[in-house]
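Residue numbers (my numbering): 308 to 589.
Note that beta-carbon positions come from the ideal geometry of N, C-alpha and C, so glycine has one too.
A quick note: this is a predicted structure, and the numbers were derived from the prediction, not measured.
These notes concern the structure reproduced below.
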Amino acid sequence: VQAHRHRPDPIGRRVRRLRRLAVTRSPFYARHHAGLERAPLDRLPPVTKAHLLDAFDDVVTDRAVHRADLESHLRHAEPGTPWRPGVHVAVTSGSSGAPVVLAFGRSEWAALLANAVESRAVGDGPGTGPLRSIRIGSPLGWHLSAQLGGPGGHGGQALRLSAAAPLDELTEALTAHDPERLTAYPSVLGRLADEAMAGRLDISPRQVRAGGELLSGGVRDRVREAWGVEIVDQYAIGEAGFLAVECPAHAGLHVLDRHVVLEVVDDDDHLVPAGVEGVRVL
Numbered sequence: 308v309q310a311h312r313h314r315p316d317p318i319g320r321r322v323r324r325l326r327r328l329a330v331t332r333s334p335f336y337a338r339h340h341a342g343l344e345r346a347p348l349d350r351l352p353p354v355t356k357a358h359l360l361d362a363f364d365d366v367v368t369d370r371a372v373h374r375a376d377l378e379s380h381l382r383h384a385e386p387g388t389p390w391r392p393g394v395h396v397a398v399t400s401g402s403s404g405a406p407v408v409l410a411f412g413r414s415e416w417a418a419l420l421a422n423a424v425e426s427r428a429v430g431d432g433p434g435t436g437p438l439r440s441i442r443i444g445s446p447l448g449w450h451l452s453a454q455l456g457g458p459g460g461h462g463g464q465a466l467r468l469s470a471a472a473p474l475d476e477l478t479e480a481l482t483a484h485d486p487e488r489l490t491a492y493p494s495v496l497g498r499l500a501d502e503a504m505a506g507r508l509d510i511s512p513r514q515v516r517a518g519g520e521l522l523s524g525g526v527r528d529r530v531r532e533a534w535g536v537e538i539v540d541q542y543a544i545g546e547a548g549f550l551a552v553e554c555p556a557h558a559g560l561h562v563l564d565r566h567v568v569l570e571v572v573d574d575d576d577h578l579v580p581a582g583v584e585g586v587r588v589l
């Protein structure tokens, strides 16, 4: 502890800079964090999706960004097209309620790309080269995973399929492309593994990744039986990208703490001590 006491703290500096910018430029954060400008991070009140839906124009730190303009852009522009130079737009899936519109500045978008690259490196482990990939995910073209996982994102030329597509369409596309890396929701992976074991899907993935839903032991077992590989679990959200990723050791998920601050809290949103099971994650 003594040896590391005076190490630089780049994450702490970035968090302090972010908090100063938020309360200075966002009317919402000026109210939400009033009197807490110097409080520890775990004392700050959470920000919910309801806050973003109800007060978006006050939340953003750029006074020229308005929710109505972004929603118009989503309706009329091709997915992935910046709203204006340096401002990217995405939406959440809406699985926990109404979809939320998200806006990212130039540096924020670069950080999301870096976060996605690091998640790939953690999950792959050392010595893994480029793999022929298929991603089965949200049918929303404006979803963050679709934009970061397509051409120009961290997924290179990965083929992207919709999780809403009929099962026979998915199996046909997978058989035609025979991916070395397959990424999908756990529920989709379970169905595909069943198809493979029934002889209706002929692929041999070297790596299988899951995300977007809780991964059960049953799905892990079915994927292992179908293809002889262990699933790499991923925990990501539309607002911040990847939070934690499993590595090839499969002994838990590594928090990508260069990019996020992850807090495990109790029912009252108080941080729980290390080793104590919490109720949810902030």
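Could you check how far apart the C-beta atoms of A491 and I443 are, in whole angstroms? I think they sit under 8 Å.
Taking the sequence shown and counting its residues from 1, the one referred to as residue 491 is at position 184. Taking the sequence shown and counting its residues from 1, the one referred to as residue 443 is at position 136. With a Cβ gap of about 4 Å, A491 and I443 count as contacting.
Would you kindly report the start and end of the unbroken beta strand (DSSP E) that includes H395?
Locating residue 395 in the sequence shown gives position 88, where the first residue counts as 1. Its beta strand (DSSP E) spans residues H395 to V398.
Given a cut-off of 8 Å on the beta-carbon distance, is the pair E487 and L438 in contact?
In the sequence shown, residue 487 corresponds to position 180, counting from 1. In the sequence shown, residue 438 corresponds to position 131, counting from 1. Yes. Within cutoff.
Between the alpha carbons of H340 and G401, how many angstroms are there, rounded?
Looking up residue 340 in the sequence shown gives position 33. Looking up residue 401 in the sequence shown gives position 94. Straight-line measurement puts the Cα of G401 at about 27 Å from the Cα of H340.
Assigned exposure category for H395 - 16 Cβ within 10 Å defines buried:
To locate residue 395, count along the sequence shown from 1; it is residue 88. Answer is buried; the Cβ neighbour count reaches 16.
Let me know the secondary structure DSSP gives I538 once reduced to three states.
The residue you call residue 538 lines up with position 231 of the sequence shown. If DSSP states are grouped into helix, strand and coil, I538 belongs with the strands.
As a quick exercise: from A470, A556, V571 and E584, pick the residue whose alpha carbon is nearest that of V539.
The count along the sequence shown starts at 1 and reaches residue 539 at position 232. Nearest C-alpha to V539: A556.
Let me make sure I understand the geometry here. Which of H380, R498 and D369 has the alpha-carbon closest to that of G448?
For the purposes of this step, residue 448 is identified with residue 141 of the sequence shown, where counting begins at 1. H380 is the residue among H380, R498 and D369 whose C-alpha sits nearest the C-alpha of G448.
Could you compute how far the alpha carbon of A505 sits from the alpha carbon of L360?
Along the sequence shown, one-based indexing puts residue 505 at 198. Along the sequence shown, one-based indexing puts residue 360 at 53. Near 45 Å, if we compare the C-alpha coordinates of L360 and A505.
Would you list the one or two residues that DSSP bridges to S654?
The chain is shown only over 308 to 589; residue 654 falls outside these bounds and no answer can be derived.
Inter-residue CB distance, R350 and D364 (contact presumed, cutoff 8 Å):
Sequence index remark: in the sequence shown, residue 350 carries index 43 (1-based). Sequence index remark: in the sequence shown, residue 364 carries index 57 (1-based). Going by Cβ atoms, the distance from R350 to D364 rounds to 26 Å, so no, they are not a contact pair.
Classify H450 as buried or exposed, calling it buried when 16 or more other Cβ atoms lie within 10 Å of its own Cβ.
Translated into the one-based positions of the sequence shown, residue 450 becomes position 143. Buried, by the Cβ-count rule.
If you count every other CB in all the chains shown that lies within 10 Å of the CB of V586, and 16 or more means buried, which is it?
Here residue 586 corresponds to residue number 279 of the sequence shown, with the count starting at 1. Result: exposed.
Where the alpha helix (DSSP H) through T478 begins and ends
Reading the sequence shown from its first residue, position 171 is the one you call residue 478. Going by DSSP, T478 is part of the alpha helix (DSSP H) stretching over L474 to H484.
What residue range does the beta strand (DSSP E) around A547 cover?
Within the sequence shown, the letter at position 240 stands for residue 547. Per DSSP, A547 lies in no beta strand (DSSP E) and is assigned neither H nor E.
Which of helix, strand or coil DSSP assigns to L325
Here the question's residue 325 lines up with position 18 in the sequence shown. Note: L325 maps to helix in three-state DSSP.
Extent of the continuous alpha helix (DSSP H) to which H383 belongs:
Mapped onto the sequence shown, residue 383 falls at position 76. For H383, the enclosing alpha helix (DSSP H) stretches over residues R374 to H383.
Note down the Cα distance separating D573 from V588, rounded to an integer number of angstroms.
For the purposes of this step, residue 573 is taken as residue 266 along the sequence shown, with counting starting at 1. For the purposes of this step, residue 588 is taken as residue 281 along the sequence shown, with counting starting at 1. So the two alpha carbons sit approximately 9 Å from each other.
Check each candidate in A357, E520 and A547 and name the one with the smallest Cα separation from A397.
Counting from 1 along the sequence shown, the entry for residue 397 is found at position 90. Of the listed residues, the one whose Cα sits closest to A397 is A547.
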